[in-house]
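Participant: According to UniProt numbering, the stretch in the sequence shown is residues 1 to 93, in order.
Glycine residues also receive a C-beta, built at the ideal position from the N, C-alpha and C atoms.
These numbers were taken from a predicted model, which means no experiment stands behind them.
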Amino acid sequence: MYIPVKEQETVIQIDRTGDIARVYSTDATMICKLDKKYERYQVHKQNRKIVGVEYRVDKRLLSWRSAPAVSHMTDEQKKAAGERLKKARQKKK
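1. Quick one: Cα of I31 to Cα of V11, how far?
2. Per DSSP, what kind of secondary structure is A67 in: helix, strand or coil?
3. Quick check on I50: does DSSP put it in helix, strand or coil?
4. Which residues bound the alpha helix (DSSP H) around T29?
5. CA-CA distance, I14 and T26?
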């Protein structure tokens, strides 16, 4: 079963007295990200196709940030960072 993008969701359920957070997602992008970090607890299927995945995560691993990080760099700092990145990429090859 295909779930339209506008209807895909990720739900985080945290029990106040428990140590585990339940993360349920039908969003394919979020599932890929979560698969890289956590083991799947349960896979929900319909007509043999995955429609959702549930993860059980230690709630201490979840965090919320108050604001996105903003970097204020001068043109010189940007250029230096670019050079470092360029060297690191060349070193990888």
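Facilitator: According to the structure data:
1. 12 Å
2. coil
3. For I50, the three-state secondary structure derived from DSSP is strand.
4. T29 -> alpha helix (DSSP H) spans A28 to K37.
5. 18 Å
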